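Enquirer: Line order of the protein sequences matches chains C and H. In this text, residue positions in the first sequence follow the UniProt record's numbering: the first is 1, and each later residue adds one. In this text, residue positions in the second sequence follow the UniProt record's numbering: the first is 1, and each later residue adds one.
2 protein chains.
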Amino acid sequence: MTRSRVSPDGKIAGRDVSAKLVIIMVGLPARGKSYITKKVTRYLSWQQHDTRIFNVGSRRRIAAGMQPSDAAPKKDATGVDGRLQAASIRLNGGTAPGADEPTALDLNDSKPEEKTSASFFDPKNSTARALREKVAMDTLNELLDYLINGEGAVGILDATNSTIHRRDLLVQKIREREPKLGILFIESICHDRHLLEANMRLKLSGPDYKDKDPVKSLEDFKARVKAYESAYVPLGAHEEERDLQYIQMIDVGRKVIHHRLKGFLSGSIASYLTTFNLSPRQIWITRHGQSEDNRLQKIGGNSHITDRGHCYGAALYNFMTQKRQEWLIEQKDRVAQSTFPPKAGDDTPPYPEIYQELEEKNFCVWTSMLHRTIETAEFFDNDDDYDVKNWEMLNELNAGSFEGMTYDEIAVKYPHEYQKRSADKLNYIYPGLGGEGYLSIISRLRDMVREIERVTDHVLIISHRSICRVLMAYFMDLSRDHIADLDVPLGMLYCIEPKPYGYEFHAYKYNEPAGTFDELPDYKPGKTTDRNN
Amino acid sequence: MTRSRVSPDGKIAGRDVSAKLVIIMVGLPARGKSYITKKVTRYLSWQQHDTRIFNVGSRRRIAAGMQPSDAAPKKDATGVDGRLQAASIRLNGGTAPGADEPTALDLNDSKPEEKTSASFFDPKNSTARALREKVAMDTLNELLDYLINGEGAVGILDATNSTIHRRDLLVQKIREREPKLGILFIESICHDRHLLEANMRLKLSGPDYKDKDPVKSLEDFKARVKAYESAYVPLGAHEEERDLQYIQMIDVGRKVIHHRLKGFLSGSIASYLTTFNLSPRQIWITRHGQSEDNRLQKIGGNSHITDRGHCYGAALYNFMTQKRQEWLIEQKDRVAQSTFPPKAGDDTPPYPEIYQELEEKNFCVWTSMLHRTIETAEFFDNDDDYDVKNWEMLNELNAGSFEGMTYDEIAVKYPHEYQKRSADKLNYIYPGLGGEGYLSIISRLRDMVREIERVTDHVLIISHRSICRVLMAYFMDLSRDHIADLDVPLGMLYCIEPKPYGYEFHAYKYNEPAGTFDELPDYKPGKTTDRNN
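Structure representation (structure tokens):
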């Protein structure tokens, strides 16, 4: 966490234009561009940098008088519902081609509501061509307004931007309006057959082809991609001669090229992008079992767990061991039944070789350095099939001088502090040495999130309320207003499964009498009803 | 900071072979390979990962019965003397070619003591060829012993390794001995004319050419490099087909390619390497001015500075403003007087365009979030020519329950804790919630060091004793035994200037009566004489 005169809360200051960034996406359709755009936006927003995606294709359809349908302008993704989020990523999975593309091959031209405007996409239609260019520049201007006149720190121009002519024009326009703004190109390239196949699976099960014959659809899609390729110039010598910043990702994280990266934001984005991997795995998040201090309603401290806490640890261990086994069987079945072209609903991820290593997949259990999480993990620690590690980063928010007090005590003894915290929990910092706030936790967990994204093993995180809230905020793309109030009671267990289109999310609740966990279907994270927590 | 059953101190465990890493360097001579090797070793050693460089060329010379001279085996760089360190980097600047190189062109063949053994380098000498290969493999085996049987976490094989044949052989031998070991290739490539010129400057002022005619030397050197190039295959398709991990650096940090990076160490190294830049600048480190608690000998806390502390802040501001001006004039003079081929001692760094921006160079002043450092920076904060920023990362080591006590009090009230700390300050962790130790500080400052390496501006860091110690430990490559005892009294001011061959180091001492700073020539950081601090 940092602060300065221009930025008392450590955010990129509105007036500091030179620290702001325009990201220009580059790449053919079905190259995971949308996946990257969403993840970068999620990560930067979570780090409290105002970030927004500006999609050219969707604006063009509106300009052409089409139904926006799934191509509705993407708004800053701050929905609380993870499933909804995943669904919306899936819907928007096919990035609409940029205005400079061979639009007769428009990925979405098979949609009934767009067929009616086919003439708009005819390359010989010069009025339409001019309109397309105008829309692209209007979108850029909207993005620049957001950065220069608005609160934005990062604006992402989501389009194929596959020609040098188009990219030069964008750079020129940005520099005309504000020469100090940073410009970063991010390109996604796929050479890997399995990855392309997986992307095609997504396409074939997506809205464009959903109810169509998969063999015909596949042929159609392959022909489109081929034609796109002929008009496309990847980032390279042209940008290098002009000293332009770029990140080129080849086959997700397999090979990554950084060119001339400078500035804090570009560096953060680059090190985040290098963590990407598509290895199938599960990420579990829960709090420790009941502690002595929980029973006394004291905050902070380093107490031991109660008998009930020990039982929670045992139930957690049994449930994880069962779920781990079920997952393995399910994955093997999926691979065995998968065909290509796929049947409806088959979105088997890429890299079949990963599935050969399913049996060897490790299961990491990460706790904080405090007794109550370490003790909750005791059963895992006695089983060599689990790797237990204690992280200082996962320690509970430090409540400074209020450590060991109850909220009722604080309300009586320090009503002003109590009031301050209730009014703005996210920005509140506990008084006294070492006292932290939610913003400190977000900054402290940056490396943790990169580590979770990087590992290809299963991970179970046993931590504390504020830590779980901030981790969930990342995975569920919560807006800053929701982070500090997220309801994460003891006994809740969350499962996050990275998928090519986003995260799949499941929630389980501890069934104390039965010593097991029950799934909560259609669970949506809510706001805590306890005004203290 | 982390800990687990196999690694209670968070280091890479001796038994955890799969977490260990063999780094194989690749690249032509004079491509900054040695610069990279040294910096990576410094960074990893500082992060408490046992790291050692194994140089093939130096061992070959010994095997051939030559004087080791400047090609003496490099030992783990843990010297306390920064100047000595810089000098040794300079001496070892020319990496000896690997055993598979066109050795008639050996970079060091013009040295008198090696001329006598010229037949050893004759490519037609098959006995010598076999011997060269044997030495390379012996060096590798020594490295593997260090990782497999010894305490090593990372071994760096420093040689040109410029042919596919040699690289395949190395990979095969490593896998034969321990298939679990990680392998990472790091290659340095230079296309940039200015950078090559700068590297040649280093060569021409180095031991190979020191007293020779620069025009002839340059011709000779250029001819060598050209011949080397013909036999050289950069990392690429061959390694990609075999799924080998590599990092390729082109023109220092201008362009960086990551391939198939996996594992924590590879990721750390990659994000460290991307921060490299050769922009000329100064990094200043000092502690805050005297605080109320300093006067009372209390540790920790968040007291304000005294009148003497305010005077220190004023003197620091005046001195920095003067030094900043002097530096600018000096740099401009250097660029104006620089010729190519250079005169003796002219090591003008690359990128002349950087010098055009000298006037615009920012000066950042970074403090902790505690009153005593922020107040020391007050004069900078009132001058728009300085950018002041407060970092939580720079806060003093948290002394847990002992915050606000004096060491004499601790000795009386907690003799056992006092004793534990005196016995092993580096590993000691203060008791109580939030209590930290030096290892926590090292881990907390990892991002800070990357940020210091990344920025191209001047930086003045006003911080606290433990923070200054750990930062100095990085820049001066201190061994772990020296970190916690380094003498960093109030009023010392250190200047570190990154150079192509390492860091140039200067120390200044506050002259309180005169309100200015005196340079301490030939200053060597020593051990504190105060048994408490």
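Beta carbons are placed, not taken as given, at the ideal position from N, Cα and C, and that holds for glycine. Only a predicted model underlies this, so the values are computations on that prediction, with no experimental measurement involved.
Hey, could you find the ends of the beta strand (DSSP E) T163(H) is sitting in?
Expert: That residue, T163(H), is in no beta strand (DSSP E); it is neither H nor E in DSSP.
Enquirer: Closer than 7 Å, Cβ to any Cβ of chain H: which residues of the region 263-293 of chain C, in chain order?
Expert: Residues G267, A270, S271, T274.
Enquirer: My parser needs the beta strand (DSSP E) runs of 3 or more residues fully inside the region 426-486 of chain C; what are they?
Expert: Qualifying beta strand (DSSP E) stretches, in chain order: 458-463.
Enquirer: Could you say which of S422(H), E392(H), S443(H) lies nearest to E392(C) if we only look at CA atoms?
Expert: The shortest C-alpha separation from E392(C) is found at S443(H).
Enquirer: Would R60(H) and R167(H) qualify as a contact pair, given that the criterion is a beta-carbon distance under 9 Å?
Expert: The answer is no: Cβ separation not under 9 Å.
Enquirer: Specify the secondary structure class of P525(H) as computed by DSSP and reduced to three states.
Expert: Residue state, collapsed to three classes: coil.
Enquirer: Compare the Cα-Cα distances from L426(H) to each of L28(H), D158(H), G437(H), L433(H) and report the closest residue.
Expert: Among L28(H), D158(H), G437(H), L433(H), the Cα nearest to that of L426(H) is on G437(H).
Enquirer: Does H194(C) have its Cβ less than 9 Å from a Cβ in chain H?
Expert: No, its Cβ sits nowhere closer than 9 Å to a Cβ of chain H.
Enquirer: Can you tell me the Cβ-Cβ gap for M369(C) and N390(C), rounded? I've got them flagged as a contact below 8 Å.
Expert: Contact holds; Cβ gap of about 5 Å.
Enquirer: Which term fits R465(H), buried or exposed, when burial requires 16 or more other beta carbons within 10 angstroms of its beta carbon?
Expert: Flag for R465(H) reads buried.
Enquirer: Assuming E229(C) and V17(C) make a contact with CB atoms under 8 Å, what is their CB distance in whole Å?
Expert: Between V17(C) and E229(C) the Cβ distance is about 37 Å, and since that is not below 8 Å, they are no contact.
Enquirer: Whose C-alpha, out of H258(H), F505(H), K527(H), F54(H), is nearest the C-alpha of A136(H)?
Expert: Comparing Cα-Cα distances from A136(H) to each of H258(H), F505(H), K527(H), F54(H), the minimum goes to F54(H).
Enquirer: Exposed or buried, T127(H), counting other C-beta atoms within 10 Å across all chains shown (16 or more means buried)?
Expert: Classification for T127(H): exposed.
Enquirer: For F185(H), name the three-state secondary structure that DSSP assigns.
Expert: In the structure shown, F185(H) sits in a strand (DSSP, three-state: E or B).
Enquirer: Compare the C-beta of K20(C) with all C-beta atoms of chain H and state if any pair is closer than 9 Å.
Expert: By this cut-off, K20(C) is not an interface position.
Enquirer: Thinking just about the alpha-carbon of each residue, which of S58(H), E396(H), L21(H) is nearest to the one in G434(C)?
Expert: Answer by Cα proximity: E396(H).
Enquirer: In chain order, what residues of the same chain have a beta carbon less than 6 Å from the beta carbon of G263(H), not counting five sequence neighbours either side?
Expert: For G263(H), where only same-chain residues beyond five positions count, the Cβ hits under 6 Å are G182.
Enquirer: At a Cβ cut of 8 Å, what residues of the region 453-471 of chain C count as close to chain H, listed as they run along the chain?
Expert: Cβ contacts with chain H come from R454, T456.
Enquirer: Residues of the region 160-190 of chain H in Cβ contact with chain D at a cutoff of 9 Å, in chain order, please.
Expert: No chain D appears in the structure shown, which is made up of the protein chains C and H.
Enquirer: What residues in its chain sit with their C-beta under 6 Å from that of Q48(C), if we drop five residues either side in the sequence?
Expert: Once the five neighbours on either side are set aside, the close Cβ partners of Q48(C) are K11.
Enquirer: If you compare alpha carbons, which of N533(C), L316(C), E512(C) is closest to D424(C)?
Expert: Considering only alpha carbons, the answer is N533(C).
Enquirer: Could you work out which residues of chain C lie near G434(H), taking near to mean beta carbons separated by less than 7 Å?
Expert: Simply N398, G434.
Enquirer: Taking beta-carbon pairs under 8 Å, can you tell me which members of the region 364-390 of chain H lie near chain C?
Expert: Those residues of the region 364-390 of chain H that come within reach of chain C (Cβ to Cβ, closer than 8 Å) are M369, D381, D387, V388, K389, N390.
Enquirer: Using a Cβ-Cβ cut-off of less than 8 Å, list which residues of the region 296-328 of chain C approach chain H; keep chain order.
Expert: Result list: G300, G301, N302.
Enquirer: In the region 210-239 of chain H, which residues sit with their C-beta less than 8 Å from some C-beta in chain C, listed in chain order?
Expert: Cβ contacts with chain C come from no residue of the region 210-239 of chain H.
Enquirer: Count the other CB atoms within 10 Å of the CB of Q248(H); is the residue buried (16 or more) or exposed (fewer)?
Expert: Label assigned to Q248(H): buried.
Enquirer: Quick check on the DSSP output: the alpha helix (DSSP H) that includes R324(H) runs from which residue to which?
Expert: 307-337 is the extent of the alpha helix (DSSP H) around R324(H).
Enquirer: Would you tell me roughly how many angstroms separate the C-alpha atoms of Y146(C) and S271(C), rounded to the nearest one?
Expert: Roughly 25 Å between the two C-alpha positions.
Enquirer: Can you find the residues in the same chain that come closer than 8 Å, C-beta to C-beta, to V233(C), ignoring five residues on each side of it along the sequence?
Expert: For V233(C), where only same-chain residues beyond five positions count, the Cβ hits under 8 Å are S162, T163, I164.
Enquirer: So is E241(H) in contact with chain C if we call contact Cβ pairs under 9 Å?
Expert: By this cut-off, E241(H) is not an interface position.
Enquirer: What did DSSP end up calling I62(C) once you bin it into helix, strand or coil?
Expert: In the structure shown, I62(C) sits in a helix (DSSP, three-state: H, G or I).
Enquirer: Could you tell me if G94(C) is buried or exposed, where buried requires 16 or more neighbouring beta carbons within 10 angstroms of its beta carbon?
Expert: Residue placement at G94(C) is poorly supported in this model, since its pLDDT is 34, which falls under 50; the coordinates still yield a value, given next. Under this definition G94(C) is a buried residue.
Enquirer: May I have the straight-line CA-CA distance separating Q419(C) from I23(C), to the nearest angstrom?
Expert: Spanning the two alpha carbons is a distance of roughly 41 Å.
Enquirer: Around the C-beta of R372(C), are 16 or more other C-beta atoms found within 10 angstroms, so that it is buried, or is it exposed?
Expert: Buried, because 16 or more other Cβ atoms sit within 10 Å of the Cβ of R372(C).
Enquirer: Taking just the CA atoms, how far does D384(H) sit from R421(C)?
Expert: About 34 Å.
Enquirer: Starting from the beta carbon of K4(H), find every residue of chain C whose beta carbon is closer than 8 Å, and list them in chain order.
Expert: Sequence check: residue 4(H) is Ser here, not Lys. Going along chain C in sequence order, the residues near S4(H) (Cβ under 8 Å) are D387, V388, K389, N390.
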